[in-house]
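Visitor: Numbering-wise (the working numbering), the sequence shown opens with residue 44 and increments by one.
Got a structure for you, written out below as structure tokens; questions coming shortly.
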Amino acid sequence: MTKTSTEMKQLVEEFIRITNVKYEDQTEKIKQKSDLVDWQFHVGTNVIVSKNANREDRIHINVNMRFPPEDSKLLISKNPSFSKTIMEISEICTICNMGHQWIKDGEIIAGLAIFSHVDEQNLNRISFHNVWDNVARVSGHVQKILRSNFSSFSSKNNLTDETTAKTMYG
44 MTKTSTEMKQ
54 LVEEFIRITN
64 VKYEDQTEKI
74 KQKSDLVDWQ
84 FHVGTNVIVS
94 KNANREDRIH
104 INVNMRFPPE
114 DSKLLISKNP
124 SFSKTIMEIS
134 EICTICNMGH
144 QWIKDGEIIA
154 GLAIFSHVDE
164 QNLNRISFHN
174 VWDNVARVSG
184 HVQKILRSNF
194 SSFSSKNNLT
204 DETTAKTMYG
């Protein structure tokens with residue numbers, strides 16, 4: 044039987060609650076700005092779980108990494124290390140079946156989002172946490188790629204925080 048958006052939201056909140064990670068239901072806040080999102084949870088420091096209004100059949104899990112200004116200065120197309128980094132990040136995301144999107148603030152690259160989805164028909168505790176774990180794992184690899192290609196790259200985006208370290212396994 045097909046799950047409604049509300050049923051998916053209730054399930055997801057239950058799955059998040061199991062982890063004991065702090066989360067916030069941002070649905071009302073988001074709906075004031077846009078009607079593109081049915082509902083959204085901000086989990087821990089950098090995970091967003093949401094249901095887009097234009098997709099009845101899935102939910103999305105994103106890890107959003109924001110870069111401090113000193114790191115953003117390194118992420119320019121003229122920097123050969125950045126070209127190498129783009130290729131390595133694209134490769135790991137492709138291999139692991141993850142999406143990624145560079146976040147721009149004007150001309151500056153301000154961050155990177157790593158994301159995936161869970162289909163409505165497969166939405167259960169195990170599939171949800173498997174996707175969350177995989178998004179977190181790929182995000183951790185991306186951080187390693189950034190630090191290995193840029194020796195002065197900050198580790199302020201520490202992905203070992205409670206958001207990505209907590210899974211259904213504790």
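Beta carbons: idealized from backbone N, C-alpha and C, even for Gly.
1) Taking contact to mean 3 or more Cβ pairs, one atom from each stretch, closer than 8 Å, check whether the segment 91-109 and the segment 173-189 are in contact.
2) Rounding to the nearest angstrom, what Cα-Cα distance links Phe193 and Phe84 in this structure?
3) Quick check on the burial criterion: 16 or more other C-beta atoms within 10 angstroms. Buried or exposed for Asn200?
4) Looking only at its own chain, which residues have a Cβ that is under 6 Å from the Cβ of Thr207, when we skip the five neighbours before and after it?
5) Please give the ranges of any alpha helix (DSSP H) in the segment 151-195, keeping only runs that are unbroken, at least 4 residues long and fully inside the region.
6) Quick one: residues in its chain with C-beta nearer than 6 Å to the C-beta of Asn122, no 5 flanking neighbours on either side, listed in chain order?
7) Exposed or buried, what is Asp162 when buried is set at 16 or more other beta-carbons lying within 10 Å of its beta-carbon?
8) Would you check if the distance between the CB atom of Ala156 and the CB atom of Ser115 is smaller than 9 Å?
9) Cβ atoms of His143 and Phe158: under 9 Å apart, would you say?
10) Rounding to the nearest angstrom, what Cα-Cα distance links Lys72 and Arg190 in this structure?
11) Using a Cβ-Cβ cutoff of less than 6 Å, which residues in the same chain neighbour Thr47 once the five nearest sequence positions on both sides are dropped?
12) Assuming Gly87 and Val55 form a contact by the criterion Cβ under 8 Å, report the distance between their Cβ atoms to the nearest whole angstrom.
13) Name the DSSP bridge partner or partners of Ser93?
14) Do Ile146 and Arg109 count as a contact pair if the criterion is CB distance below 9 Å?
15) Whose CA, out of Asp68, Thr62 and Val185, lies closest to the CA of Lys127?
16) Any idea what DSSP makes of Lys147, helix, strand or coil?
17) To the nearest angstrom, how far is it from the Cα of Lys76 to the Cα of His172?
Guide: The short version:
1) yes
2) On the sequence shown, position 150 is the one that residue 193 refers to. On the sequence shown, position 41 is the one that residue 84 refers to. Taking the straight line from one Cα to the other gives about 32 Å.
3) Numbered from 1 along the sequence shown, position 157 holds the residue referred to as residue 200. The predicted position of Asn200 is uncertain, since its pLDDT is 49 and thus under 50; no value can be drawn from it.
4) Locating residue 207 in the sequence shown gives position 164, where the first residue counts as 1. The predicted position of Thr207 is uncertain, since its pLDDT is 47 and thus under 50; a value taken from the coordinates is nonetheless stated next. Contacts found: Ala179.
5) 168-192
6) Here residue 122 refers to the residue found at position 79 of the sequence shown. Once the five neighbours on either side are set aside, Asn122 has no close Cβ partner at all.
7) By one-based count along the sequence shown, residue 162 stands at place 119. Here Asp162 is exposed. Its C-beta has fewer than 16 other C-beta atoms within 10 Å.
8) The residue you call residue 156 lines up with position 113 of the sequence shown. The residue you call residue 115 lines up with position 72 of the sequence shown. Cβ atoms of Ala156 and Ser115: not closer than 9 Å.
9) Counting from one through the sequence shown, the residue named residue 158 turns up at place 115. Counting from one through the sequence shown, the residue named residue 143 turns up at place 100. Result yes, Cβ atoms of Phe158 and His143 sit closer than 9 Å.
10) As a working note, residue 72 is residue 29 in the sequence shown. As a working note, residue 190 is residue 147 in the sequence shown. Cα to Cα, Lys72 sits roughly 34 Å from Arg190.
11) Here residue 47 corresponds to residue number 4 of the sequence shown, with the count starting at 1. Here the set comprises nothing.
12) For this step, residue 87 is matched to residue 44 along the sequence shown. For this step, residue 55 is matched to residue 12 along the sequence shown. Contact flag wrong, Cβ pair sits at about 14 Å.
13) In the sequence shown, counting from the first residue as 1, residue 93 sits at position 50. According to DSSP, Ser93 bridges with Gln83 and His103.
14) As a working mapping, residue 109 is identified with position 66 in the sequence shown. As a working mapping, residue 146 is identified with position 103 in the sequence shown. It is a contact, given that the beta carbons lie within the stated cut-off.
15) In the sequence shown, the residue the question calls residue 127 occupies position 84. Closest by alpha carbon: Val185.
16) Within the sequence shown, the letter at position 104 stands for residue 147. Strand at Lys147.
17) Against the sequence shown, residue 76 aligns to sequence position 33. Against the sequence shown, residue 172 aligns to sequence position 129. Cα to Cα, the separation comes out at about 29 Å.
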